[in-house]
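Engineer:
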Ligand SMILES: Cc1cc2nc3c(=O)[nH]c(=O)nc-3n(C[C@H](O)[C@H](O)[C@H](O)COP(=O)(O)OP(=O)(O)OC[C@H]3O[C@@H](n4cnc5c(N)ncnc54)[C@H](O)[C@@H]3O)c2cc1C
Ligand SMILES: Cc1cc2nc3c(=O)[nH]c(=O)nc-3n(C[C@H](O)[C@H](O)[C@H](O)COP(=O)(O)OP(=O)(O)OC[C@H]3O[C@@H](n4cnc5c(N)ncnc54)[C@H](O)[C@@H]3O)c2cc1C
Ligand SMILES: Cc1cc2nc3c(=O)[nH]c(=O)nc-3n(C[C@H](O)[C@H](O)[C@H](O)COP(=O)(O)O)c2cc1C
Ligand SMILES: Cc1cc2nc3c(=O)[nH]c(=O)nc-3n(C[C@H](O)[C@H](O)[C@H](O)COP(=O)(O)O)c2cc1C
Ligand code: FES
Ligand code: FES
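Chains as they are written, first to last, in the numbering used here: chain A, -19 to 258; chain B, -19 to 258; chain C, -14 to 289; chain D, -14 to 289.
#1: Spell out whether any CB of chain D is found under 8 Å from the CB atom of residue 242(C).
#2: Along the alpha helix (DSSP H) that carries residue 273(D), what are the first and last residues, could you check?
#3: Is DSSP giving residue 33(B) helix, strand or coil here?
#4: Can you tell which of 80(B), 57(B), 152(B) and 210(B) has the C-alpha that lies nearest to the C-alpha of residue 0(B)?
#5: Give the C-beta separation of residue 169(D) and residue 265(D) to the nearest angstrom, bearing in mind that I take them to be a contact with Cβ-Cβ under 8 Å.
#6: Near residue 12(A), what residues of its chain come up, given a Cβ to Cβ distance below 7 Å and the 5 sequence neighbours on each side ignored?
#7: Can you give me the C-alpha to C-alpha distance between residue 237(D) and residue 273(D), rounded to a whole angstrom?
#8: To the nearest angstrom, report how far apart residue 213(B) and residue 41(C) are at their CA atoms.
#9: Apart from the five residues just before and just after residue 230(A), which ones in its own chain have a Cβ nearer than 7 Å to its Cβ?
#10: Tell me whether residue 237(A), by its Cβ, gets closer than 7 Å to a heavy atom of ligand 1.
#11: Can you give the Cα-Cα distance for residue 214(D) and residue 56(D), rounded to whole angstroms?
#12: Show which residues of chain C have a CB atom less than 7 Å away from the CB atom of residue 223(D).
#13: My understanding is that residue 162(D) touches residue 96(D), with C-beta atoms under 8 Å, so please give their C-beta distance in whole angstroms.
#14: So which residues on chain D does residue 233(A) lean against when the C-beta distance must stay under 9 Å?
#15: If you measure between the beta carbons of residue 75(C) and residue 46(C), is that distance less than 8 Å?
#16: What residues from chain C crowd round residue 205(B), counting only those whose CB sits closer than 7 Å?
#17: Which runs of the beta strand (DSSP E), 3 residues or longer, sit entirely within the stretch 19 to 98 of chain D?
#18: Three or more beta-carbon pairs under 8 Å between the stretch 121 to 132 of chain A and the stretch 92 to 99 of chain A, yes or no?
#19: Where are the alpha helix (DSSP H) runs, 4 residues long or more, that stay fully inside the stretch 100 to 187 of chain B, in chain order?
#20: Tell me which residue opens and which closes the beta strand (DSSP E) that residue 129(D) is part of.
#21: Provide the residue span of the beta strand (DSSP E) that contains residue 183(D), from first to last.
#22: If you follow the beta strand (DSSP E) that residue 218(A) is part of, which residue opens it and which one closes it?
#23: Under a CB-based cut-off of 8 Å, is residue 293(C) close to chain B?
#24: Would you say residue 75(C) touches ligand 6, meaning its beta carbon is less than 7 Å from a heavy atom?
#25: Is residue 254(B) helix, strand or coil by DSSP?
#26: For chain D, check one thing: does any of its Cβ atoms lie closer than 8 Å to the Cβ of residue 65(A)?
#27: For residue 221(C) and residue 178(C), I'd like the C-alpha separation in whole angstroms.
#28: Is the Cβ of residue 92(D) closer than 8 Å to any Cβ of chain C?
#29: Compute the distance between the beta-carbons of residue 189(C) and residue 156(C), then report whether it is under 8 Å.
#30: Between residue 63(A) and ligand 2, is there a pair consisting of the residue's CB and a ligand heavy atom that are separated by less than 7 Å?
#31: I think residue 114(B) touches residue 87(B), with their Cβ atoms under 8 Å apart; what is that distance to the nearest whole Å?
#32: Quick one: what's got a C-beta closer than 7 Å to residue 43(D)'s C-beta in the same chain, skipping five residues either side?
#33: Hey, is residue 55(C) close to ligand 3, as in C-beta under 7 Å from one of its heavy atoms?
#34: Using 8 Å for Cβ pairs, my map puts residue 107(D) next to residue 37(A). What's the rounded Cβ distance?
#35: If contacts are defined as beta-carbon pairs under 8 Å, then residue 65(B) and residue 27(B) qualify, I think. What distance do you get, rounded to the angstrom?
#36: Of all the alpha helix (DSSP H) runs that stay within the bounds of the stretch 45 to 77 of chain A, which reach a length of 4 or more residues?
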């Protein structure tokens, strides 16, 4: 929907180069795909294991970076699939299918961008920041505490907030509170329009959407839904949209997260129907 | 049926001490059970893995030896379960349930014993030989070729036959042909009664039974059947018996391999009905 | 495991099922713990015996006459379950009443006797036989009518697929069980299980046991032929858990009957899913084959 | 894999099904490859496209009117399979005929159109619509009547459980498909599938597609509630393979109809098991979701 496909979707076999924790809760996976791959910030890939560990459904993960043949991800262990993934050692095979879905667009000429990333919502916005950041843009990251923050990724001007102001490494700075509140604390909606880009847990997205709406700012959010396929064929990942009056929308109020998303204009989403297990 | 339970059946958690090939096709597994276990030659245990590798049914393996808290097995990789087992490294957990089933009896006073063991049929008879062997008893082992034979286990007077007289280690001796033919070649049925004990693939058991019958020798065989439980509760492992005229037998011509077997008098088995995938 | 807040039951306490108190809610399933006699010489570091915490043992199904069962192979392991085609091998009701039941009593095994037959009156006759000796047996708590075995030619699974037959069998047994509970074990191999459950309850069953195995088939690739001699077998184990949960939910929601949940239980989490849907007890089958302490372990883990 | 001796078919060669030649025997299953349009920008080192070697794409089921489908969550992954409750979300026959079918033709996708409805005459009407434009579509090979979706309130799975309804739907569609093949996709959630298959064939179906998903339920342990909003869903994936094999065997043995086997196929071995039982073709569902090249890979591995 935003951005659109950047080139072909590829189904490749990757070999783990590194799969190591870069904070107390976040693991960085570097996969060598054997050939260069390009992506747009916000796109994701479906990953799976092979042999007896292979999962019935592949798992979606946003792309953090691509350097030559190596694609990187950042993830947290939350269930069976991510637990198995965390056990893969260098040399292990991980299947890769991507890049998939739409992306966060390049910055508009006329207004600064505010980035709000929470936890594993970092990859799309990290990639955007590295590629597009301008002087007037702002990037906020929210973590659980100082140990949870992947400081090594947040060097270039990121502002960090944490739920609990503990375990901060020496010299590191962080604001205590929610990431949206940090933004709200620093930026007033009366200073003119800003484009808000948000990715993270559903409460963060809702809060970002609400804040943007207050100032009448445009806001794009990247949402997460359970996925069966990742390439638009199962309709398992739909996001409820508000009717636009347009004929097709009226009967099909759902958009696929994997193909039409994962990036949506916040005002198009039916936040009431968007019930996620949070 | 023969021998009977030696003590209680125990469900224990074992830790792999060693799990290494001792011939081209045979792997020896040493499991530390954390407490001493005793067994009678011919008894077996049900083994299984834990966690995601755990198999729907545990797998039966004859006990090769028990020394203090360590129980040993000898196995060949034939399918999914044995392939997974072969991948367990020292320290891995393997569940043990045993000793189960009956056993080969101690030697009779009045006649010599002939042992016929084929491939992974070795453990029961290796254990018997170590425990009971007398001067007049004979033990024959049959392997595929010189590399397949677990020479280190066969030092004390075993005679070895191989299907193909290749890959023989220096100094090792073997007869070319089937193990029953080796016995037949050396021992004549006219020399008086002998007790034949056989364990191995079904064709070996059939041939042993036929040879013993020629000389009117008693013959005990240890048979293999697919098992669901190993402790007599599922009736999945039955061996077809010939009717004895006894009322119960007439209606239930099957005996459980796991509880009433695995050792049976050869003449009780209905060899025609005993159809195994060989 | 961390028990969820909604779970406040102690499954190892007595509970009432029809006219009877049953010692607990975690049972072994029919055909997966023999007649209940095979566990007494088995021990482990954690349990004195496999019977620890078990509310009842449902015996291997017993028929009016002894049955030899089906030819081998009778089992096929599959990636997420198993197929069996045992064919109700059993000693018959005479031998069961004269030899097995006294032994179960002597050993104090809480027992539910599973019965199968090809005509309703045979169920009446078998329960009458049990009733005649009931006074001697304190540990015999009831009968489960197996109206659902897929592995026998006559009767068996076609048999239990009509509501009339289910009702007739239950009605034949009920009068002989004045103070014992009566369960009807139903087949999942039907379009709707609720009408069968309704018929069973209307005819006097105290509870529905659901499910028996699902019809399945495995092919031996080398030969291209079915692996089991009778082609199909009964599918059990983890793979059927979601199917069993759906059937139990159907019965609870549409009939409101007491249900004993069976199918695919291998862990205490699996068992809890049945309780969440309203089951009053559960039975462990295939997992009990793999490990004689499977049921005992679930009972312990679910204890509050 | 090492192909067994009995397998001498090339599954990527044309074969005759009713009045039509179909490009091959390894198909994608309805609902698991969208409308068949989503694969053209996908590639891999081994395959130019996911369509390589695929005999036909069975489209997502299309209904007389567009359908929004069910609320989220619509999927639950299980240890050996998945539950889905998509609820036949689709664009409706009008949009399908005007927008999707021309695109499928332009891209040369061998297509079987899956249709569902709540009344037999609607099947007649939808096939009539297709027939009216048939001359333009060389790659449109036939229709699969989805008489078996468990995830819609009206029609759907109860609908396809009576032989009369199955016959009426097939009979309504047949006249409009003089030179296209007609499949009836049946539900496994019945006691016997053979009578339904018999009814379909007697009414003019060229083949039976079996099976659709099995009714299943998953419980969310924390809340103690079913995970899917409609409680149950359709169970698919490896766990249902033995069930599907049994149903296909029942149809082949008892009806002798041509069967397209579906259910749990993830590998070429799985597909071969259906062919061993006599299936003329197979469809890959859940595995195609996991990997867009799953079907292509099976077709390649089974090629002689
Ligand atoms: C577009 C997209 C991008 C994502 N990017 C990242 C990322 O960069 N880093 C990261 O750590 N996580 C990311 N996620 C979430 C990630 O997909 C889940 O954490 C993961 O699927 C959990 O799998 P599991 O087997 O460990 O969890 P389980 O809970 O065992 O999974 C059960 C099922 O639920 C699904 N599921 C569970 N949680 C989620 C979730 N939050 N979103 C979608 N499906 C879920 C699983 O895929 C699986 O099908 C992303 C999700 C989406 C949709
Ligand atoms: C009493 C007894 C003692 C045994 N002792 C030994 C031993 O000491 N060493 C050894 O290597 N093997 C022994 N076996 C055979 C061993 O149990 C099988 O090789 C093993 O079960 C194969 O498992 P799998 O998963 O690798 O094979 P798969 O073919 O994948 O197994 C599929 C199913 O078939 C069963 N099965 C396959 N082959 C056999 C077989 N030959 N016997 C019984 N069930 C089988 C498996 O248990 C499993 O349930 C013994 C069998 C029995 C009955
Ligand atoms: C080997 C075996 C034998 C069985 N025998 C019987 C039986 O005799 N009577 C019966 O009612 N059910 C029998 N069953 C079915 C089980 O009691 C149970 O209903 C079914 O296996 C599903 O539970 P599970 O998935 O926990 O095994 C048998 C199951 C197995 C695996
Ligand atoms: C996400 C999903 C959507 C499905 N949608 C349909 C459908 O629209 N029409 C239909 O006939 N079958 C549908 N099915 C059923 C499949 O076509 C197939 O019959 C079933 O999944 C069993 O095959 P499998 O185990 O290979 O998935 C769907 C299955 C899944 C998993
Ligand atoms: S995950 Fe299948 S359509 Fe989005
Ligand atoms: S394996 Fe269960 S009775 Fe022998």
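Note that the Cβ used here is the ideal one computed from N, Cα and C, for glycine as well.
Structural biologist: Let me spell this out:
#1: Along the third chain, read from residue 1 onward, the residue named residue 242(C) stands at position 257. Cβ-Cβ to chain D under 8 Å: no for residue 242(C).
#2: In the fourth chain, residue 273(D) corresponds to position 288, counting from 1. Residues 271 to 275.
#3: Position 53 of the second chain, counted from the first residue, corresponds to residue 33(B). In this structure, residue 33(B) counts as helix in the three-state DSSP scheme.
#4: For the purposes of this step, residue 0(B) is taken as residue 20 along the second chain, with counting starting at 1. Looking from the CA of residue 0(B), the closest CA among 80(B), 57(B), 152(B) and 210(B) belongs to 57(B).
#5: Your numbering for residue 169(D) matches position 184 in the fourth chain. Your numbering for residue 265(D) matches position 280 in the fourth chain. Under the criterion of beta carbons closer than 8 Å, residue 169(D) and residue 265(D) do not qualify as touching, at roughly 14 Å.
#6: Mapped onto the first chain, residue 12(A) falls at position 32. For residue 12(A), where only same-chain residues beyond five positions count, the Cβ hits under 7 Å are -6, -5, -3, 49 and 50.
#7: To locate residue 237(D), count along the fourth chain from 1; it is residue 252. To locate residue 273(D), count along the fourth chain from 1; it is residue 288. Residue 237(D) and residue 273(D): Cα-Cα distance of roughly 26 Å.
#8: What you label residue 213(B) is simply residue 233 of the second chain in a count that begins at 1. What you label residue 41(C) is simply residue 56 of the third chain in a count that begins at 1. When rounded, the distance between both Cα atoms is 15 Å.
#9: For this step, residue 230(A) is matched to residue 250 along the first chain. A caution first: residue 230(A) carries a pLDDT of 48, below 50, which makes its placement in the model unreliable, though a value can still be read off. Cβ within range, chain order: 223.
#10: As a first step, residue 237(A) is located in the first chain; it is residue number 257 there, counting from the start. Set against 7 Å, the gap from the CB of residue 237(A) to the closest heavy atom of ligand 1 is smaller.
#11: Here residue 214(D) is taken as the residue at index 229 of the fourth chain, counted from 1. Here residue 56(D) is taken as the residue at index 71 of the fourth chain, counted from 1. One Cα belongs to residue 214(D), the other to residue 56(D), and the distance between them is close to 7 Å.
#12: Numbered from its first residue, the fourth chain carries residue 223(D) at position 238. Result: 64 and 65.
#13: By 1-based counting over the fourth chain, the position of residue 162(D) is 177. By 1-based counting over the fourth chain, the position of residue 96(D) is 111. About 13 Å separates the two Cβ atoms, so there is no contact after all.
#14: For the purposes of this step, residue 233(A) is taken as residue 253 along the first chain, with counting starting at 1. Those within 9 Å of residue 233(A) in chain D are 53.
#15: Within the third chain, the letter at position 90 stands for residue 75(C). Within the third chain, the letter at position 61 stands for residue 46(C). At the C-beta level, residue 75(C) and residue 46(C) come within 8 Å of one another.
#16: Residue numbering aside, residue 205(B) sits at position 225 when the second chain is read from its first letter. Per Cβ cutoff of 7 Å: 57.
#17: Counting only runs of 3 or more residues that sit fully inside the stretch 19 to 98 of chain D, the beta strand (DSSP E) segments are 41 to 43, 60 to 63 and 66 to 69, in chain order.
#18: Taking 8 Å as the limit for Cβ pairs, the verdict is that the stretch 92 to 99 of chain A does touch the stretch 121 to 132 of chain A.
#19: As far as the stretch 100 to 187 of chain B is concerned, its whole alpha helix (DSSP H) runs of at least 4 residues are 102 to 112 and 159 to 166.
#20: To locate residue 129(D), count along the fourth chain from 1; it is residue 144. Start and end: 125 to 131.
#21: Sequence index remark: in the fourth chain, residue 183(D) carries index 198 (1-based). It is not in any beta strand (DSSP E) - residue 183(D) instead sits in the alpha helix (DSSP H) that spans 179 to 187.
#22: The residue you call residue 218(A) lines up with position 238 of the first chain. Residues 218 to 220.
#23: Nothing about residue 293(C) can be read from this structure; chain C reaches only from -14 to 289.
#24: Here residue 75(C) refers to the residue found at position 90 of the third chain. No heavy atom of ligand 6 is found nearer than 7 Å to the CB of residue 75(C).
#25: Translated into the one-based positions of the second chain, residue 254(B) becomes position 274. Coil.
#26: Position 85 of the first chain, counting from 1, holds the residue named residue 65(A). With 8 Å as the cut-off, residue 65(A) does not count as an interface residue toward chain D.
#27: Numbered from its first residue, the third chain carries residue 221(C) at position 236. Numbered from its first residue, the third chain carries residue 178(C) at position 193. If you draw a straight line from the Cα of residue 221(C) to the Cα of residue 178(C), it comes to about 18 Å.
#28: Indexing the fourth chain from 1 puts residue 92(D) at position 107. Chain C contact via Cβ: absent.
#29: By 1-based counting over the third chain, the position of residue 189(C) is 204. By 1-based counting over the third chain, the position of residue 156(C) is 171. Pairing residue 189(C) with residue 156(C) gives a Cβ-Cβ distance under 8 Å.
#30: Looking up residue 63(A) in the first chain gives position 83. Answer for residue 63(A): no, Cβ out of range of ligand 2.
#31: As a working note, residue 114(B) is residue 134 in the second chain. As a working note, residue 87(B) is residue 107 in the second chain. Contact flag correct, Cβ pair sits at about 6 Å.
#32: The count along the fourth chain starts at 1 and reaches residue 43(D) at position 58. Non-local beta-carbon contacts of residue 43(D) in its own chain, meaning distances under 7 Å to residues more than five positions away in sequence, involve 12, 13, 14, 15, 97, 99, 129 and 268 in chain order.
#33: Within the third chain, residue 55(C) is the residue found at index 70, counting from 1. No, ligand 3 has no heavy atom inside 7 Å of this Cβ.
#34: In the fourth chain, residue 107(D) corresponds to position 122, counting from 1. In the first chain, residue 37(A) corresponds to position 57, counting from 1. At roughly 33 Å, the Cβ-Cβ gap does not stay under 8 Å, so residue 107(D) and residue 37(A) are not in contact.
#35: Counting from 1 along the second chain, the entry for residue 65(B) is found at position 85. Counting from 1 along the second chain, the entry for residue 27(B) is found at position 47. With a beta-carbon spacing of about 7 Å, residue 65(B) and residue 27(B) fall inside the 8 Å limit used to define contacts.
#36: Whole alpha helix (DSSP H) segments, 4+ residues: 60 to 66.
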